[in-house]
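Enquirer:
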Amino acid sequence: MREPLVILLDGLVYSSWLFIVSAGLTLIYGVMRILNMAHGSLYAVGAYTAASVVGWYFASGYDPTLSYLVFFTCAAGAGVLAGLIIERGILRVVYGRDEVLVLLVTYAVLLILEDVIKLIWGVDAYFAYQPYAALGRTKILGIPFANYDLLLILLAAGTGALLWFGLNRTRQGKFLRAVIHDREVSEAMGINVTRLYTATFVIGSALAALGGAVTAPSLSVVPGIGVEVIVIAFAVVVTGGLGSIGGTLLGSLLIGLTRAAAVHLFPRGEVLVIFVIMAAVLAVRPEGIFARVKARKI
Amino acid sequence: MRRKDRTYPILVGLFLLFSGAVFFTPRWFSFLLTVAVARSLVVLGVVLLMRAGLVSFGQGFFYCIGGYVAGFSSNAFGVTDAGAVVILAALGAVVAGAIVGLLLCNYRDIFFAMLTLALSMILYSVIVKNPALGGSDGFNVPPPTILGISPEAVDPRVSLPLFTFAVAFLLYALAHRYFLSGFGYAGLALRMNEIRLEYLSLSARALVFLKYILAGVLASVGGALIAYISGHVDPELAYWTTSGEFVFIALLGGTGHVLAPLAGGVVFEVIRSYAFDLAPSLWQMVLGVILLLMIIFMPEGLWSLTERFLERKRDEAAP
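Keeping their order, the protein sequence lines are chains A and B.
The first sequence: position 298 = 308 (the working numbering), numbered continuously.
The second sequence: position 264 = 265 (the working numbering), numbered continuously.
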């Protein structure tokens, strides 16, 4: 009885993290048709910002309960700033070009960001364990779990709810859905697509940075942490269906839970299992679980 | 007016020039040249796919397979002849490409790019987690015999570059023939409009499948050659930054001609040498900035400069 529960909770924690990171990626793709390879670097920006802020906050001896709010906000803020610079500075120039070409542009952004991060934060590892330790542990059926991990699950649920509400219950969300459906027609209807693009990219970047911030306390922040993230996040969004938030939720759960099971039962296949799931889903549904129907253009 | 195709004489000329360089230039230079030529084979594969509108972000998958085929052939199976190993590496790529190609041929654009990337990362993680495959450190590859000539008889620092150039330029000539064939032109049609291609009773899926395998063979042969040149293989061969470099070189050179990857490869090695000298910690940023500038200002790559030059010359000749 112990093992399944441990796997379930570990899986949920990992899924939560996956969801926060992948939601931004899929949102940007859904609206802008850009697969942002620099997403992982924005994740790293968030992780580094959080680690720096946590280090400073706890060294100054402020109240630890507020630290979560502070470092989540700072990291998301860094993501917003970086996203704004990338979108307004670089991506704007290549709108309307081939999807693959834009993919390569984001690859160039990734290369640049990797070195910018090293310039700002150096190559030493950062540790920000305090927020993780400060919350203590709870026993669930006799098994101790870090409260911080449970907070992460809540945060992911909150993010998902907020995204759902924003997309389905607000005026701006309605505009966004119109753009996702058909860009040209919505532009003809008077929607300011350029502004929506900027907003989308910034929100997506903030989500990536937030994803980095929430993991920063549970690992050491070192150069290159963002690089694997994009590959895994891509596997998640492709499994669920690129551009679909609901699909991303399902993909995160599927991959998160399976990976947790693999970690406990078959540690050597930890990474492999992620891609096995992706390949299995794609073999049956080539566009992911929640694929959109597309018109063939001749 | 059709320009006369002088590609084959140029290829022979370049082969002689490069071979001469092995004898008359410093060791470090001919080493750099050999590396550039071997890697440009992989880039040729990327270009082959790019001409069909497909970007493979995972040629490291085949590059690594080729390298490990070379490594295991000599270390575990006693096959030490470079000629045999190159053929084995090509066969390995055909088998691996045929298996994963079945999944990949359903995808285009971003999906194709990211799935090939994921594939190379799977291979990377399998090797890193498997001590039987050498783990994350990899292993050494002893110098091979080359078509029966043992490394004791002829210095491998001479024979290996010559062998590399011979294999590479032979494949270049074949690739050029291929680009000019109907099958090669079908790739351009695939990029333009897949549905019209199917109206010509050509199967887009079969085309992607075959092109993927061909590109894999080129990458695998390049990987086997690199394994001998550097005398070492490790999982980095499959790491996605390696594949990213190949895409970078392909864009740098352009896709207009079979020689473009070679030009791109040589320029890349030059940039790398200078960047490592002047700003070692900013290497990736240099790459990124050049990539951005290329995409925005010269999307056809460096090779388009020669086209422009030739056009101007022709305009002057016939006013």
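All C-beta atoms, glycine included, are put in the ideal place defined by N, C-alpha and C.
#1: Helix, strand or coil, according to DSSP, for residue 149(A) in the structure here?
#2: By how many angstroms is the C-alpha of residue 74(B) removed from the C-alpha of residue 80(B)?
#3: DSSP three-state call for residue 300(B): helix, strand or coil?
#4: At the 8 Å Cβ level, is residue 245(B) part of the contact set with chain A, yes or no?
#5: Would you mind working out which of 297(A), 13(A), 298(A) and 261(A) sits nearest residue 151(A), comparing C-alpha positions?
#6: Do residue 87(B) and residue 254(B) count as a contact pair if the criterion is CB distance below 8 Å?
#7: Do three or more CB pairs link the region 81-101 of chain A to the region 268-286 of chain B at distances below 8 Å?
#8: My parser needs the alpha helix (DSSP H) runs of 4 or more residues fully inside the region 107-159 of chain B; what are they?
#9: Which ranges does the beta strand (DSSP E) cover as unbroken runs of at least 3 residues, wholly within the region 148-221 of chain A, from first to last along the chain?
#10: Between the alpha carbons of residue 196(B) and residue 190(B), how many angstroms are there, rounded?
#11: For residue 113(A), go through chain B and note every residue whose CB falls closer than 9 Å to its CB, in chain order.
#12: Could you compute how far the alpha carbon of residue 299(A) sits from the alpha carbon of residue 250(A)?
#13: Classify residue 186(B): buried if its beta carbon has 16 or more other beta carbons within 10 angstroms, exposed otherwise.
#14: Quickly, what does DSSP pair residue 231(A) with across the bridge? List them, please.
#15: Since residue 130(B) meets chain A, which of its residues come closer than 7 Å, beta carbon to beta carbon?
#16: Between the Cα of residue 60(A) and the Cα atoms of 24(A), 114(A) and 80(A), which residue gives the shortest distance?
#17: Can you confirm whether residue 50(B), when its beta carbon is compared against all beta carbons of chain A, has any partner nearer than 8 Å?
#18: Using a threshold of 8 Å, state whether the C-beta atoms of residue 220(B) and residue 64(B) are closer than that.
#19: Is there contact between the region 19-33 of chain A and the region 251-265 of chain A, where contact requires at least three CB pairs shorter than 8 Å?
#20: Checking 8 Å against the spacing of the C-beta atoms, do residue 129(A) and residue 92(A) come in under that value?
#21: When we look at the beta-carbon of residue 25(A) and count the other beta-carbons within 10 Å, is it buried (16 or more) or exposed?
#22: Using three-state DSSP, classify residue 126(A) as helix, strand or coil.
#23: Tell me which residues of the region 118-134 of chain A have at least one Cβ-Cβ distance to chain B shorter than 9 Å, keeping chain order.
#24: Would residue 54(A) pass as a contact of residue 221(A) if the rule is Cβ separation under 8 Å?
#25: How would you list, in chain order, the residues of chain B whose beta-carbon sits under 8 Å from the beta-carbon of residue 154(A)?
#26: Name the residue from 174(A), 291(A), 159(A) and 239(A) whose alpha carbon lies nearest to the alpha carbon of residue 48(A).
#27: State the start and end residues of the unbroken alpha helix (DSSP H) segment that holds residue 21(B).
#28: Check the Cβ of residue 285(A) against every Cβ in chain B and list those closer than 9 Å, keeping chain order.
#29: Any chance you could list the alpha helix (DSSP H) runs of at least 4 consecutive residues sitting entirely within the region 19-98 of chain B, in chain order?
#30: Rounded to the nearest angstrom, what separates residue 253(A) and residue 31(B) at their Cα positions?
#31: Using only CA atoms, which one of 70(B), 302(B) and 132(B) lies nearest to residue 257(B)?
#32: With burial defined as no fewer than 16 other Cβ atoms inside 10 Å of the residue's Cβ, what is the status of residue 1(B): buried or exposed?
#33: Along the chain, where does the alpha helix (DSSP H) that runs through residue 309(A) open and close?
#34: Determine contact between the region 6-22 of chain B and the region 227-237 of chain B, defined as no fewer than three beta-carbon pairs at a distance below 8 Å.
#35: Please tell me whether residue 114(B) and residue 56(B) are closer than 8 Å, where the distance is taken between their beta carbons.
#36: Taking the C-alpha atoms as reference points, what is the distance between residue 300(B) and residue 118(A)?
Expert: Here's the rundown:
#1: strand
#2: 5 Å
#3: coil
#4: yes
#5: 13(A)
#6: no
#7: no
#8: 110-129
#9: 153-156
#10: 10 Å
#11: 56, 58, 110, 111, 114 and 115
#12: 5 Å
#13: exposed
#14: 136(A)
#15: 278
#16: 80(A)
#17: no
#18: yes
#19: yes
#20: no
#21: buried
#22: helix
#23: 118, 119, 120, 121, 122, 123, 124, 125, 126, 128, 129 and 133
#24: no
#25: Those within 8 Å of residue 154(A) in chain B number zero; the least Cβ separation is about 29 Å.
#26: 239(A)
#27: 8-25
#28: 119, 120, 122, 123 and 126
#29: 28-52 and 61-76
#30: 49 Å
#31: 302(B)
#32: Beyond the ends of chain B as shown, which are 2 and 320, falls residue 1(B); an answer cannot be given.
#33: Limits of chain A in this structure are 11 at one end and 308 at the other, which puts residue 309(A) out of reach.
#34: no
#35: yes
#36: 14 Å
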